[in-house]
Amino acid sequence: MSHLAPLILVLPLLGFLLVVLNGKSLSDRGVGLIATGVVALSFVVTVITFVLLLHDRTREVTINLFTWISVDTLHVPAAILVDPLSITMSLFVTGISALIHLYSTAYMEGEKDFRKFFLYLNLFVFSMLTLVLANNLVLTFVGWEGVGVCSYWLVSFYFDRESAASAGKKAFVYNRVGDIGLLLAMFLLFVHTHTLTYLGIFSSTSLLSPAIATLVVLALLLAATGKSAQIPLFNWLPDAMEGPTPVSALIHAATMVTAGVYLLVRMSPVLALSSSGRMTIAVIGGVTAFVAATIATAQKDIKKVLAFSTVSQIGYMVLAVGVGAYGAAIFLMVSHAFFKALLFLGSGSVIHSLGGEQDMRKMGGLARWLPLTFPTFLVGWLSISGVPPFSGFWAKGDVLSNVFAHNKPLWALGVVTAILTAYYMSRLFMLTFRGSERFREVTHQHDPHESPLAMTAPLVILATLSLLGGLLDLPWAHGFSLTRFLSPTFGFVAPSAAQSTTLQTGLALVDVVAALIGLFAAFTIWRTNVESSTFERPFFEHVWRWDDAYDAVLARPLEHLAQVSNDVVENRIIDGAVEGLGGSVQRSGEGIRKLQAGLVRQYALAMVLGVTVIVVYLVGRVR
Amino acid sequence: MSVPASWYLVLAAVLFGIGAFGVLTRRSALIMFMCIELMLNAVNLTFVTFARTMSDIGGQTTVFFIMVVAAAEVTVGLGIVVAVFRRRASTSVDELSELQG
Amino acid sequence: MFATTYAVTDVLVFAGATLLIITGALGVIVMKNPVHSALSLILALLGVAVAFLAQNADFLAAVEIIVYAGAIVVLFLFVIMFLGVDKSQHPHVEPLVGQRWLAALGVLVTVAGVVALMANSHWVSGVMSSSTGGVALSPGAGNVTQLGDSVFTTYLLSFEATAGLLIIAVVGAVLLARRERPADADRDDDLIDGDHFDADDHIDGEGREGDEGSEGEWWNVKAPATEEVES
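Chains as they are written, first to last, in the numbering used here: chain A, 225 to 847; chain B, 1045 to 1145; chain C, 388 to 618.
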């Protein structure tokens, strides 16, 4: 195994290098083949590594590649940590990446920058795997920044479009704010534990005082809010939908945005030290889930709905982390990766069939035109809405029952969010696939066409996974489940009171009822309506005026400060000082230049008189 | 016993003073050069005097080198005087004041 | 009084040397004609040579006469003859206000101060310099050997360096004093005369043409003929 695991990382990098170095001599088809092939191979290697890990007694393998930094007490190896958590992440990252690469070969066909797209995608997969597999925070940070910059490039992929360029910048800046949190956490941990490897930190958690641990947890939370688009830094993700749809599916739904949750779960032994920190995490997650869900009810753009839905679902994961249900968080992360990638790719297929139209008001009645997209999308919709037996039901139920055990108000918020989730997803589904055909104007009266096999095959696979994903962690199968597999990785969490089967069944019933309420409400409202000012509140459509608030609180005061700095500090003080100094030097020079008569004899006289002064001084001193 | 060193040193100081006064008051570059030679000789005289007083040959060696350097200096200096004279038709240093402020 | 302390001959030699030096030096600075100044310089240098001899520096005395009085002063005379005597410079006219008085004051005070310092100082330390390795200066002409030893052993590197210095000085002097023909001018202009033009251009802010117009090319300036020299 120690020989295989680095291949998981190296293969996408190899693909990246191959395309970078030979890009000009390869056809688009060749580029797509290489890029998809290396990621698929990487997935195969991951599966083999996973099987080998199952037979490893310690289930914790560190593979040292080389010494990266060694300065004084700071030793950072470039090493890979293969344990249940990282291998689970790697499995679904490589798997979904392979599917989305395949999808992209058809979706991006004929694009001008086809090669560049796959270049970025491969680099992204490499960075993501670095983030996941690193055995220390510094290497994770490298991957963290790597996925950030790939996200920036891919969001601004159509950089000749003003909105795409600024959306990329927005994503980058929001992520920067979060990165500060990760850096702060690293600094704090290094100062107090003198190590940055995960296992080193976990074995010396006793060195962290509760106050320091809380600070670390809050810093990590800041990092997670940036990368995983949580309040207060969630606002970049909807704008990131400017990127191509496969990018939205891969980076901004399935993998990168879950990195924040992964980081929190990875650092769970530190989280265990601070109950107030965990409480903050839970509240942030719950509130984000609710806020994003309300916003999603009022969006007109199909991808924006899915984007806010992603924010909302990640909010659930963060909530689960906050209450210590790390297994549930990862379970939801994996199943979310399945159904959200499915939904994004399905919406991509819809957009593709309509020649790029994303406004749901101009869709409708597509069910009969897209015979493969429609049923797969149906699976995704039911899954995210929490209808049994789809994976979303089991994952969300797992999260909510854990929240119920720890915090009743947050559980109530979670259930309301579940109703909203079912509602807005059904609205999306109704507007897109049912109702009258409103797309004729967009397609110039042509019939929409189903997408090619390379695009529908991933849809079918993902639909199957969404359908069966619940098997990973059925509530009654305690012997062999994802949570049990992962549990050695997690830090100590105060055990919750064992829930009786009756309670669990009751909670599951509540979930089902919530989902049905949402579905029913959406059916009644959106069967006939296309637009409704009653149910699409402008306040929600404009994201709770969040950007306006940032504008008013941060941007405008800063602009004002910059203006004042320019007018007063720059022009008066700095320029004044510089010009005053220059002017005084010039004026004194004007005066002193008269001494410089160019007459050698005067200069010589000055020298002689100087010597005279020195001699007189010496005589006076000797006397 | 020969005359004391201080007599020669006073003589050298006076010679140096005369040379310095000449440099400061004469305008001809040629005369200034001669005055500089006077000053150099004054210094040479002190070196030789100290060499005798201190029984140290180093003083004389220094004078030897000073003479060599003085010879080189005069050669180049007079070359410059000639070159300047060709351009200015004058050896007065007061007229060479282009570098005034 | 000192006759009882010091040998009469030594005092007489000192007095003679002093007479020669002071007379010669004053002659250099007061003579109106540069040729007379140069001749006075020889007088002063002869005085210095006498002083050297009186202080056991036989070799240096010889060099003083041969190199200084012989070669250098002759070079001075040569240049004076070559350039002609500039009668516009009267030594009794001083264009710079206060220059003469300040110079006199400064020089007098400095010399007086140095003498005063000497009167209060102790010179003989008794410590031998490392150059002679603690060997005392031998009297009479014997120290010529010591000087030779010193120059060719301890100061050998410096001696070799002076050889280079002299070569450079000779080349420099030839280059500076060489009279250019117009045909050669553009080739050597940069080397010799270009700097002068450049300096004028930048400092006066005038163009090169104006400069040439007012002063002409230097090779057109006639050097004063040698017959103008008063000898």
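Just so it is clear, CB atoms sit at the ideal spot from N, CA and C, and this is done for glycine as well.
Since the model is a prediction, treat every value here as computed from it, not as a measurement.
Pairwise C-alpha distance: residue j and residue i
| i | j | result |
| --- | --- | --- |
| B/VAL1092 | A/ARG811 | 51 Å |
| A/LEU487 | A/ARG708 | 19 Å |
| A/ALA763 | A/VAL511 | Correcting the residue type first, residue 763 of chain A is Phe in the shown sequence and not Ala. Cα to Cα, A/PHE763 sits roughly 17 Å from A/VAL511. |
| A/PRO308 | A/TRP593 | 43 Å |
| A/SER571 | A/MET465 | 12 Å |
| A/THR282 | A/PHE342 | 37 Å |
| A/ALA483 | A/HIS784 | 36 Å |
| A/GLY911 | B/ALA1073 | In the structure displayed, chain A extends from 225 to 847; residue 911 of chain A sits before or after that span and is not available. |
| C/VAL496 | A/VAL843 | 11 Å |
| C/LEU430 | B/ALA1114 | 18 Å |
| B/ALA1086 | A/GLU803 | 52 Å |
| A/THR713 | A/PHE628 | 23 Å |
| A/SER650 | A/ASP296 | 58 Å |
| C/GLY529 | B/MET1083 | 28 Å |
| A/VAL234 | A/VAL777 | 45 Å |
| A/SER607 | A/ALA732 | 15 Å |
| A/SER625 | A/ILE311 | 26 Å |
| A/LEU347 | A/CYS374 | 7 Å |
| C/ASP585 | B/GLN1144 | Low confidence applies here, because C/ASP585 scores a pLDDT of 42, under 50, leaving its location unreliable and the question unanswered by this model. |
| B/VAL1120 | B/VAL1054 | 31 Å |
Contact with chain C by residue i, beta-carbon distance below 8 Å
| i | result |
| --- | --- |
| A/ARG811 | no |
| B/GLY1061 | yes |
| B/ILE1075 | yes |
| A/VAL824 | no |
| B/ILE1080 | no |
Residue i, enclosing beta strand (DSSP E) - first and last residue
| i | result |
| --- | --- |
| A/VAL919 | An answer regarding residue 919 of chain A cannot be provided, because it is not within the stretch 225 to 847 covered by chain A. |
| A/PHE290 | 285 to 295 |
| A/PRO301 | 298 to 306 |
Extent of the continuous alpha helix (DSSP H) to which residue i belongs
| i | result |
| --- | --- |
| C/ALA404 | 395 to 417 |
| A/PHE714 | Element bounds for A/PHE714: n/a, residue is neither H nor E. |
| A/VAL262 | 252 to 278 |
| B/TRP1051 | 1049 to 1069 |
| A/GLU783 | 780 to 788 |
| C/ASN530 | 530 to 536 |
| A/TYR550 | 550 to 577 |
| C/ALA550 | 543 to 564 |
| A/ARG502 | 499 to 520 |
| A/PRO236 | 229 to 246 |
| C/THR497 | 486 to 506 |
| A/ASP772 | 770 to 774 |
Min CB distance residue i to chain A below 8 Å
| i | result |
| --- | --- |
| B/ALA1127 | no |
| C/VAL501 | yes |
| C/THR497 | yes |
| B/ASP1138 | yes |
| C/VAL415 | no |
| C/GLU593 | Because C/GLU593 sits at a pLDDT of 40, beneath the cut-off of 50, its placement in the model cannot be relied upon, and the point is left open. |
| B/GLY1145 | yes |
| C/LEU504 | yes |
| C/ALA491 | no |
Residue-chain proximity (residue i, chain B), Cβ-Cβ < 8 Å
| i | result |
| --- | --- |
| A/VAL839 | no |
| A/LYS818 | yes |
| C/GLU481 | yes |
| C/GLY485 | no |
| C/GLY551 | no |
| C/ALA412 | yes |
| C/ASP575 | Note that C/ASP575 has pLDDT 47, beneath the 50 cutoff, so the model's placement of it is unreliable and the number below is only indicative. Chain B contact via Cβ: absent. |
| C/GLY529 | no |
| A/LEU829 | yes |
| C/ALA449 | no |
At which residue ranges does the region 586 to 672 of chain A contain complete alpha helix (DSSP H) runs of 4 or more residues, listed in the order of the chain?
597 to 609, 615 to 630, 632 to 657, 664 to 667
Runs of alpha helix (DSSP H) wholly within the region 433 to 480 of chain A (minimum 4 residues, chain order)
434 to 451, 460 to 463, 469 to 473
Check each residue of the region 456 to 475 of chain C: if its Cβ is closer than 8 Å to any Cβ of chain B, include it; give the result in chain order.
ALA458, ILE459, LEU462, PHE463, VAL466, ILE467, PHE469, LEU470, ASP473, SER475
In chain order, which alpha helix (DSSP H) runs of at least 4 residues are fully inside the region 1073 to 1118 of chain B?
1073 to 1097
Uninterrupted beta strand (DSSP E) stretches inside the region 337 to 409 of chain A (no shorter than 3 residues)
none
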